[in-house]
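Working notes, beginning with the structure itself.
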Amino acid sequence: MEGQEVGGRPLQGFLALTKRELKKWYKEPLLLLITVLQPLIWMVFLGKAMNLGAVFGGGVPPELARGLMLRSFGTTDYFSFMATGMIAVTCLFTTMFTGFSIIWDRRLGFLNKVLSTPVSRASVIFSKVVYATLRSSFQVLIILVAAFALGLKVGPGFHPLHLLGVFLVAFMVCVTFSSLFLMLALRSTRWEAPMAMVNLMLMPLMFASNVFFPLELMPGWLRAIASVNPLSYTNDAVRQFTIWRLDRGALLRDLAYLGLFSLTISSLSVYLAKKYLSR
Amino acid sequence: MREMVRAEELTRVFNGLTAVDHVTFGVREGEIFGFLGPNGAGKTTTIHMLTTVLKPTGGRAEVCGYDVVKEPEKVRKSIGVVPQEYTADEDLTGYENVMLCADLYGLPREEGRKRALELLSLVQLEPFKDKRVETYSGGMRRRLELACGLINRPKVLFLDEPTLGLDVQTRASIWEHILSLRENFGMTVFLTTHYLEEADHLCDRIAIIDHGKIVEEGSPSELKDSLGGDLLTLECEGEGVEEILRALEGVREVKAEGREYRVKVTRGETVAPLLLKALGEKGLTVKRLSLAKPTLDEVYLEKTGKSLRDQGESPEEVIKQRVTLWRARR
Chain A
11 MEGQEVGGRP
21 LQGFLALTKR
31 ELKKWYKEPL
41 LLLITVLQPL
51 IWMVFLGKAM
61 NLGAVFGGGV
71 PPELARGLML
81 RSFGTTDYFS
91 FMATGMIAVT
101 CLFTTMFTGF
111 SIIWDRRLGF
121 LNKVLSTPVS
131 RASVIFSKVV
141 YATLRSSFQV
151 LIILVAAFAL
161 GLKVGPGFHP
171 LHLLGVFLVA
181 FMVCVTFSSL
191 FLMLALRSTR
201 WEAPMAMVNL
211 MLMPLMFASN
221 VFFPLELMPG
231 WLRAIASVNP
241 LSYTNDAVRQ
251 FTIWRLDRGA
261 LLRDLAYLGL
271 FSLTISSLSV
281 YLAKKYLSR
Chain B
155 MREMVRAEEL
165 TRVFNGLTAV
175 DHVTFGVREG
185 EIFGFLGPNG
195 AGKTTTIHML
205 TTVLKPTGGR
215 AEVCGYDVVK
225 EPEKVRKSIG
235 VVPQEYTADE
245 DLTGYENVML
255 CADLYGLPRE
265 EGRKRALELL
275 SLVQLEPFKD
285 KRVETYSGGM
295 RRRLELACGL
305 INRPKVLFLD
315 EPTLGLDVQT
325 RASIWEHILS
335 LRENFGMTVF
345 LTTHYLEEAD
355 HLCDRIAIID
365 HGKIVEEGSP
375 SELKDSLGGD
385 LLTLECEGEG
395 VEEILRALEG
405 VREVKAEGRE
415 YRVKVTRGET
425 VAPLLLKALG
435 EKGLTVKRLS
445 LAKPTLDEVY
455 LEKTGKSLRD
465 QGESPEEVIK
475 QRVTLWRARR
């Protein structure tokens with residue numbers, strides 16, 4: 011970090027900026043309500059609407075239908091597959107707005123004021139990353155509570171402590187995406203281009219992954235894209251922690267990939283921030 | 155005397171457009187120095203470069219002896235900035251906003267708390283410190299920004315359009331606050347304004363900036379004197395008035411239009427009685443006499459060839475200013 015913060019605690023500026031974002035969030039009841047509602051709507055409407063269980067089970071003996079489901083989705087209940095996928099989708103949607111908050115700060119002159127103080131550029135970026143991550147984690151909590159209430163079928167060998175793993179994975183994917191979207195907006199003074207860019211990226215990110223459908227059933231080219239998408243690794247890890255049987259090898263691969271990915275992207279965003287935040 | 159701000163050939167080009175064009179100036183310790191110019195003349199861009207927010211594309215600048223490009227951290231620690239916009243968070247209270255600034259400067263908690271309360275009472279916001287900023291008026295917001303800019307006890311304070319959009323009374327009270335800072339803390343102040351009265355009232359020295367270039371520099375009275383002094387206008391009937399006027403000491407120029415004479419003099423108040431006496435001795439009566447001191451307005455007109463007006467601004471700038479004006483009116 012550039013410049014020592016004279017006399018104060020080492021992370022003082024970073025914590026203050028994070029606190030500012032958090033206060034703006036919880037002091038606004040409507041915003042808080044929307045944060046709660048958004049993942050619930052996703053899960054209830056999408057999760058219950060796409061009843062793939064009924065599709066697979068149509069006209070076949072129930073025994074065979076269960077086998078088909080289990081082979082394709084790793085669980086007999088499509089809602090459980092879908093609900094766990096919603097964790098990554100919610101993280102994606104919440105973090106995507108971090109980029110806009112930095113444009114807003116620039117427009118209002120707040121960013122210029124902060125840049126003229128000794129606070130490090132990394133703190134400016136990380137305060138927003140951490141805010142988005144905390145906000146997403148709160149939503150993940152709501153999803154988990156609701157999913158269990160709506161009848162999530164846990165996998166064999168499930169232990170409540172596995173849920174901590176879910177939060178770890180959510181943390182990594184949030185760091186990745188909020189850094190990515192911040193990076194795109196670093197020098198922007200206008201909404202239009204970053205907004206279009208986010209819209210462009212959103213659908214491919216969501217559908218070229220295993221959120222709704224397992225990779226194994228995808229055509230080869232799509233599977234190739236999906237298998238580099240960090241969302242796929244997020245879902246894989248989340249499902250291992252909840253609805254599937256835990257496979258140590260696969261889980262380690264997921265965590266390593268996500269860890270590396272988030273580390274790379276966040277370091278890159280800090281590097282670019284130091285270089286380009288001052289225009 | 156030590157120079158707290160030094161800019162040499164400072165230049166900033168945005169996509170082929172030169173916003174600040176080889177500007178050279180210095181601000182002495184304890185001085186209030188003003189950049190006077192129309193919107194879009196390059197004032198804010200200059201402040202942004204001096205406060206390390208923008209990188210110069212040419213030339214160099216030092217603040218408190220530190221290079222703004224090579225030692226930005228040292229510059230940032232020794233300056234305070236009050237931007238043109240209202241940057242305080244509306245959702246937070248006044249106190250929370252000042253504390254945020256204290257944390258950005260890394261002040262120890264207790265020290266920050268002490269200074270925040272001191273500054274809030276200095277700008278007379280103590281009774282409102284726990285109210286959300288969205289309830290503040292324009293003048294209160296500006297004073298809050300001032301408190302934030304002073305939290306690190308800066309050696310140089312940068313004020314960008316400190317009274318933009320404020321009413322006359324509020325403007326006068328902000329001026330008093332700025333003047334008292336210099337008086338009480340010996341602070342060096344660099345400000346920009348497009349209000350002539352403001353530059354005249356506050357600044358020890360002024361640089362007139364237009365199209366990114368400094369066209370004139372000096373103290374307000376020097377600038378006014380550069381116009382050739384005061385103007386006496388008199389009405390007098392009779393012969394030989396012009397000759398008598400020209401012979402008087404301190405008279406620089408006489409223009410006659412019928413019975414009306416326009417006389418440029420060095421100091422109006424000393425020349426006027428002499429003039430009356432000289433004309434009286436010849437038996438000539440002055441029917442009417444008026445004395446006009448030159449205003450910065452005239453200096454401005456003379457130097458830039460036009461009155462203060464809006465120039466081509468970026469849409470971003472326009473929006474920022476609209477937001478500021480909108481908030482100031484509440």
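Protein chains in written order, with the working numbering: chain A, 11 to 289; chain B, 155 to 484. The C-beta atom is built at its ideal place from N, Cα and C for all residues, glycine as well.
Worksheet entry | DSSP bridge partner residues for isoleucine 362 (chain B) (one or two, in chain order) | Its beta-bridge partners are B:Leu190 and B:Glu370.
Worksheet item: Exposed or buried, tryptophan 52 (chain A), counting other C-beta atoms within 10 Å across all chains shown (16 or more means buried)?
Response: By the 10 Å Cβ count, tryptophan 52 (chain A) comes out buried.
Practice prompt. Assign lysine 409 (chain B) to one of three DSSP states: helix, strand, or coil.
Written response: strand
Item to complete: Kindly say whether threonine 127 (chain A), judged by its beta-carbon, lies nearer than 7 Å to any beta-carbon of chain B.
Response: By this cut-off, threonine 127 (chain A) is an interface position.
Worksheet item: For serine 276 (chain A), does the count of other Cβ atoms within 10 angstroms reach 16, so buried, or fall short, so exposed?
Response: buried
Worksheet entry | Same chain, Cβ closer than 8 Å to methionine 341 (chain B), neighbours up to 5 away in sequence not counted | Gly184, Pro308, Lys309, Val310, Leu311 and Leu335
Worksheet item: Which partner residues does leucine 487 (chain B) have in the DSSP bridge list?
Response: Look at the range of chain B in this structure, 155 to 484, and you will see that residue 487 (chain B) is not part of it.
Discussion item. I'd like to know whether the C-beta of glutamine 465 (chain B) is nearer than 7 Å to at least one C-beta of chain A.
Written reply: Bear in mind that the predicted position of glutamine 465 (chain B) carries a pLDDT of just 48, short of 50, making it unreliable; the figure below should be weighed with that in mind. Residue-level contact check: glutamine 465 (chain B) does not touch chain A, since none of the beta carbons of chain A fall below 7 Å from its beta carbon.
Discussion item. Can you list, in chain order, the residues of its chain with a C-beta nearer than 8 Å to that of leucine 350 (chain B)? Leave out the 5 residues immediately preceding and following it.
Written reply: Leu190, Thr449, Leu450, Asp451, Tyr454 and Leu462
Practice prompt. Output yes if chain B places a C-beta closer than 7 Å to the C-beta of threonine 28 (chain A); else output no.
Written response: no
Discussion item. Counting only Cβ pairs nearer than 7 Å, list the residues of chain A close to threonine 241 (chain B).
Written reply: Leu118, Gly119, Phe120 and Lys123
Discussion item. To be precise: take each residue of the stretch 192-211 of chain A, compare its Cβ to all Cβ atoms of chain D, and keep it if any distance is under 7 Å. Which residues remain?
Written reply: No chain D appears in this structure, whose protein chains are A and B.
Worksheet item: How close, in whole Å, do the beta carbons of phenylalanine 177 (chain A) and threonine 45 (chain A) come, if the pair is a contact with beta carbons under 8 Å?
Response: Not really, about 16 Å apart at Cβ, beyond 8 Å.
Fill in: serine 375 (chain B) versus arginine 359 (chain B): straight-line alpha-carbon distance, rounded
9 Å
Discussion item. For a cutoff of 7 Å on Cβ pairs, would you count glutamate 227 (chain B) as touching chain A?
Written reply: yes
Worksheet item: Can you name the residues that DSSP bridges to phenylalanine 168 (chain B)?
Response: B:Leu171
Discussion item. What residue range does the alpha helix (DSSP H) around alanine 236 (chain A) cover?
Written reply: Bounds of the alpha helix (DSSP H) holding alanine 236 (chain A) are 230-236.
Worksheet entry | Counted within 10 angstroms of its Cβ, other Cβ atoms place methionine 155 (chain B) as buried (16 or more) or exposed | exposed
Worksheet item: Start and end of the beta strand (DSSP E) containing arginine 416 (chain B)?
Response: 414-419
Practice prompt. With 7 Å as the limit, tell me which residues of the stretch 205-232 of chain B have their beta carbon closer than that to any beta carbon of chain A; keep them in chain order.
Written response: Answer set for the stretch 205-232 of chain B: Thr205, Thr206, Val207, Leu208, Lys209, Glu227, Arg230 and Lys231.
Practice prompt. Measure from the C-beta of serine 288 (chain A) to each C-beta in chain B and report whether the shortest distance is under 7 Å.
Written response: Judged by the 7 Å Cβ criterion, serine 288 (chain A) is in contact with chain B.
Worksheet item: Which runs of the alpha helix (DSSP H), 4 residues or longer, sit entirely within the stretch 204-258 of chain B?
Response: The DSSP assignment places complete alpha helix (DSSP H) segments of no fewer than 4 residues inside the stretch 204-258 of chain B at 226-232 and 248-258, in order along the chain.
Worksheet entry | Amino acids of chain B, ordered along the chain, whose beta-carbon sits closer than 8 Å to that of lysine 138 (chain A) | In chain order: nothing, as chain B lies at least about 14 Å away.
Worksheet item: Applying the criterion that 16 or more other CB atoms from any shown protein chain within 10 Å of the CB defines a buried residue, is aspartate 464 (chain B) buried or exposed?
Response: Bear in mind that a pLDDT of 47 at aspartate 464 (chain B), under 50, signals an unreliable position, so the number given afterwards is only what the model happens to contain. The residue in question, aspartate 464 (chain B), is exposed, as its Cβ has fewer than 16 Cβ neighbours within 10 Å.
Fill in: Identity of the residues DSSP links to aspartate 384 (chain B) by a beta bridge
B:Val419
Fill in: Whole-number beta carbon distance between leucine 274 (chain B) and tyrosine 249 (chain B), since they are thought to touch under 8 Å
The C-beta distance from tyrosine 249 (chain B) to leucine 274 (chain B) rounds to 7 Å, short enough to fall under 8 Å.
Worksheet item: Is any beta-carbon of chain B found at less than 7 Å from that of lysine 284 (chain A)?
Response: no
Item to complete: Return helix, strand or coil for lysine 441 (chain B), following the three-state DSSP convention.
Response: In the structure shown, lysine 441 (chain B) sits in a strand (DSSP, three-state: E or B).
Worksheet entry | Cβ pair leucine 4 (chain A), serine 137 (chain A) closer than 7 Å | In the structure as shown, chain A starts at 11 and stops at 289, and residue 4 (chain A) therefore has no counterpart that could be examined.
Discussion item. If we define contact as Cβ-Cβ less than 7 Å, is lysine 34 (chain A) a contact residue for chain B?
Written reply: yes
Worksheet item: Across which residues does DSSP place arginine 182 (chain B) in a beta bridge pair?
Response: For arginine 182 (chain B), which the question treats as bridged, DSSP gives the partners B:Glu157.
Worksheet item: Should proline 316 (chain B) be flagged as near chain A, meaning a C-beta pair shorter than 7 Å?
Response: No, proline 316 (chain B) lies away from the interface with chain A (no Cβ there is under 7 Å from its Cβ).
Worksheet item: Would you say leucine 429 (chain B) faces chain A, with C-beta separation under 7 Å as the test?
Response: no
Worksheet item: Are at least three pairs of beta-carbons, each pair with one atom in the stretch 201-209 of chain B and one in the stretch 219-234 of chain B, less than 8 Å apart?
Response: yes
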